[in-house]
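To start, the structure itself, in structure tokens.
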Amino acid sequence: MSQLRKQGLTRRALLSRAVATGALAVAGPGFIAAPDAAWAVEVTAISEHQMATLLQMARDIYPHDRLGDRYYAVAVKSYDVTDQKQMVAEGIVALDAAAKQAGFDNYLAAGWEDERVAILRSIEDTPFFQTVRGGLVTGLYNQKGIWPIFGYEGESFSQGGYINRGFDDIDWL
Amino acid sequence: MAKAAKFDLTDDSVVVIVGTGAGGGVLANELAQKGVKVVALEAGGRYLPEDYINDEWESFGQLAWTDPRTTSGDWRVAKDFSGLPAWIVKAVGGTSIHWAGASLRFQDHEWKALTNYGPVEGANLLDWPLDSAEMASWYDKAEAKLGVTGVGGRARLPGNNNYKVFEKGALAVGYKEVHTGNMAINSADYDDRMACQQTGFCFQGCKWGAKWSSAYTDIPRGEATGNLEVRDHAHVARILHDDKGRVTGVEYFDKDGNLQMQKARIVAVAGNSFESPRLLLNSHSTMFPDGLANRSGQVGRNYMRHTTGSVYATFEHPVRMWRGTTMAGIIRDEARHDPSRGFVGGYELETLSLGLPFMAAFLDPGAWGREFTTALDSYENMAGMWIVGEDMPQADNRVTLSDTTDAFGLKVANVNFSDHPNDIAMRNHAYARGQAIYKAVGATRTLPTPPYPSTHNLGTNRMSERPEDGVVNKHGQSHDIPNLFVSDGSQFTTGAAENPTLTIVALAIRQADHITREMAAGNV
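Chain order of the listed sequences is A and B.
The first sequence begins at 3 in our numbering and counts up by one.
The second sequence begins at 88 in our numbering and counts up by one.
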């Protein structure tokens, strides 16, 4: 499902090609990437700014400090298609306009989560916001890769259930 | 095993049953065992334990009824899940694949809600034309069929981590009747089904077959008699009748989408509280312009879904609530009728857990930001319980035909529901008690969680003594059309506080006895 791939780029090379997108991710032509080059996501239909904005929105809507950006990138990657291009473009124009009203150059330029959340609250009834939020419920939380970070163990049938693996092992009561 | 029967479409000696869940599946087997020829039509496909999936969304995609439905009313489900008023199953075995297994008898007073609660403003209470004494022997049979724990000499299940937190909190606040429940989940091998392996995922279909479901018990046993034919992917469109007002058969779309007509001596409707009234309403005719069995105007009315909600709580240390039997834990002290609490009827508290994906979807639908995500951050340290209480039947909480149509061009069910003030008072009481229970064992945060899309769908073809008050008599037989029966939870007069499946099964066993007798007597 993900178009993520490890980029063979040095941190310096990435930074030199980057445009400012706040602290989160670095955007270059055709991709956005982690500042440390740990991951990158290609963009094809939508712009780097739009993908970086979606990624930051995803973090601000469902912030989990122990989840790396790559999980959020996977969750919003599905908007990088022609079908979604117009919805994304219009939504982000409106989001950046709301940010301007709040005194920032754009959404990504707001440095504190609280500031960005206030901007999101001002557009939370829009179809754009609700589409992105609703998509994240499965796009983020149904990634099996994040389950261990929450302690969730997923399926257990193949291991014989928990009858001999701690269904009643609570020790602090 | 005998080869499953195959009946001709023109065979008008068969009983046609629409739906194969706890009601229809049991009725089909019980009739087949008595030598009655049955054609069971099931809209969904056939899945067995080896097919079930230990993954919440994937399983939902496999089993859930996701055909269109519409919603209205002030319930939050209409806003958050407008096309999904219920989380129920479309498959051979119906929602008996998904149910949690809690198998409780009604309390004596609940059979006579109007008498015992008195009239409640805005509610449409009615006494059942049945009582505990009448139902006792049928409950005995149902409990034996399902292998219910804690009765009949069957041991209760062991408590899991979620139960241990729940039990300690319950005892700390003074509750007395606290145990791992009466569950249709084997604590030891029983009736060719193995014991529970504490796997979790009870809602996704039990891969061990330790939980009773008609999918792999009553259905194959009925087929083995040679008297039952189950046709899956058969979507019933309408019930037909003759000029004497007797039903004569059903039209259905087969798995290839072709319209077929199966003749019938008797038709029994068991498609759940949305699909059963929908089918009766969609079967309107010149003789029955308001739909079949609807001279009273009661078809679709008095929809009940139990007063529900959940309470989750986070703790300093891990609970891992998802491990083990999902609902093997109950507090019964609040199930009594005690109007001094500010509401009539009572509620049960039962252990519950969701996996991380469904917790994200259902904890607080629509919520976002850190209040929401910090709760999920503590998922591993979370315990959970479910509230299930008696809700008030209301005439306008009802299933009607929507302007939306399904893939076959048939009008779908619109489900209108608004809470009665009694429902709200009960839910708030239960939220407070649930939170107190968890605080008594050191909860760091408590989360009173709104109701999910309904799983207990009741009423809409209710049973009544007098024809003007309901749709069916005390045998689930239409007041208007003697060879038309209702065999699912839609026949419930009132909902009681208990999970409904055991009562649906008991009524189906009883109904099979009645149908067989009436057939022998030549009355139907």
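All C-beta atoms in this analysis are idealised placements derived from N, C-alpha and C, irrespective of residue type, glycine included.
Going by other Cβ atoms of all chains shown within 10 Å of its Cβ, with 16 needed for buried, is B:N249 buried or exposed?
Label assigned to B:N249: buried.
Any Cβ of chain A within less than 8 Å of the Cβ of B:R520?
Output row for B:R520: interface = no.
Which of helix, strand or coil does DSSP assign to B:T533?
B:T533: strand per DSSP, three-state reduction.
Here's the rule I'm using: 16 or more other beta-carbon atoms within 10 Å means buried, otherwise exposed. How should B:D99 be labelled?
Exposed: under 16 other Cβ atoms inside 10 Å.
Checking contacts by CB at 8 Å: is A:Y164 closer than that to chain C?
Among the protein chains in the structure shown, which are A and B, there is no chain C.
Check whether the region 460-475 of chain B touches the region 161-180 of chain B, counting contact only when three or more Cβ pairs, one atom from each stretch, lie closer than 8 Å.
Counting Cβ pairs under 8 Å, fewer than three are found: no touch.
Are the beta-carbon atoms of B:T286 and B:K298 separated by less than 8 Å?
No, they are not a contact pair.
Taking Cβ positions only, does A:S158 come closer than 8 Å to chain B?
Yes, A:S158 lies at the interface with chain B (some Cβ there is under 8 Å from its Cβ).
Flag this pair as yes or no: are the beta carbons of B:S574 and B:L114 separated by less than 8 Å?
Contact flag set, yes.
Would you report the Cα separation of B:E310 and B:S300, rounded to the nearest angstrom?
In a straight line, the C-alpha of B:E310 is about 15 Å away from that of B:S300.
Would you mind sorting A:P150 into buried or exposed? The rule is 16 or more other CB atoms within 10 Å of its CB.
Exposed is the call here.
With respect to the beta strand (DSSP E) encompassing B:K90, which residues constitute its N-terminal and C-terminal limits?
First-last for B:K90: undefined, no H or E at that position.
Here's the rule: buried if 16 or more other CB atoms are within 10 angstroms of the residue's CB, otherwise exposed. What is B:E403?
It is exposed - the Cβ of B:E403 has fewer than 16 other Cβ atoms within 10 Å.
Counting along the chain, where does the beta strand (DSSP E) carrying B:A311 start and finish?
Note, B:A311: premise wrong, no beta strand (DSSP E); alpha helix (DSSP H) at 305-311.
State the DSSP-derived secondary structure class of B:L171, mapped to helix, strand or coil.
Note: B:L171 maps to coil in three-state DSSP.
Would a check of beta-carbon distances place B:Y434 closer than 8 Å to chain A?
No, because no Cβ of chain A sits closer than 8 Å to the Cβ of B:Y434.
For B:M391 and B:D478, which I take to be in contact (beta-carbon distance under 8 Å), what is that distance rounded to the nearest angstrom?
Between B:D478 and B:M391 the Cβ distance is about 5 Å, and since that is below 8 Å, they are a contact.
Rounded to whole angstroms, what is the Cα-Cα separation between A:G177 and B:R532?
Any property of residue 177 of chain A remains undetermined from this structure, which presents chain A solely from 3 to 175.
Give the C-beta separation of B:G268 and B:A189 to the nearest angstrom, bearing in mind that I take them to be a contact with Cβ-Cβ under 8 Å.
Indeed, because the Cβ distance is near 6 Å, the residues count as touching under 8 Å.
Could you tell me which residues DSSP pairs with B:I474 in its beta bridges?
Paired residue(s): B:G396, B:L436.
Put B:Y518 into one of helix, strand or coil per three-state DSSP.
Of the three classes helix, strand and coil, the one that applies to B:Y518 here is helix, per DSSP.
Is DSSP giving A:M89 helix, strand or coil here?
Reduced to three states, the DSSP call for A:M89 is helix.
On a Cα-Cα basis, can you pick out the residue from B:Q349, B:S146, B:N247 that is closest to B:R407?
Considering only alpha carbons, the answer is B:N247.
Name the two residues that bound the continuous beta strand (DSSP E) containing B:L150.
B:L150 -> not in any beta strand (DSSP E); alpha helix (DSSP H) instead, spanning 143-150.
In whole angstroms, what is the alpha-carbon distance linking B:P172 and B:E208?
Rounded to whole angstroms, B:P172 to B:E208 spans 26 Å at the Cα level.
DSSP three-state call for B:N381: helix, strand or coil?
B:N381: coil per DSSP, three-state reduction.
Within 10 angstroms of its Cβ, does A:A100 collect 16 or more other Cβ (buried), or is it exposed?
Counting Cβ neighbours within 10 Å, A:A100 comes out buried, since at least 16 surround it.
Shorter than 8 Å from the beta carbon of A:I121 to some beta carbon of chain B?
No, because no Cβ of chain B sits closer than 8 Å to the Cβ of A:I121.
For B:K251, count neighbouring C-beta atoms within 10 Å of its own C-beta (all shown protein chains included) and say buried if the count is 16 or more, exposed if not.
Buried, since its Cβ has 16 or more Cβ neighbours within 10 Å.
CB B:A422 to CB B:G429, shorter than 8 Å?
Going by C-beta atoms, B:A422 is not nearer than 8 Å to B:G429.
My understanding is that B:E435 touches B:A593, with C-beta atoms under 8 Å, so please give their C-beta distance in whole angstroms.
About 18 Å separates the two Cβ atoms, so there is no contact after all.
For the alpha helix (DSSP H) that contains A:M53, what are its first and last residues?
A:M53 -> alpha helix (DSSP H) spans 50-63.
So what does DSSP say about B:E264, is it helix, strand or coil?
In the structure shown, B:E264 sits in coil (DSSP, three-state: anything other than H, G, I, E or B).
List the residues of chain A that B:G246 touches, going by C-beta distances under 7 Å, in chain order.
Ordered by position in chain A, the residues that pass the 7 Å Cβ test against B:G246 are D170.
Starting from A:L175, find everything on chain B with Cβ-Cβ shorter than 8 Å and list it in chain order.
K251, V252, K255, V528, listed in chain order.
Measuring CB atoms only, is the region 541-550 of chain B touching the region 382-400 of chain B, in the sense that at least three cross pairs come out at less than 8 Å?
Because the criterion of three Cβ pairs below 8 Å is met, the region 541-550 of chain B and the region 382-400 of chain B touch.
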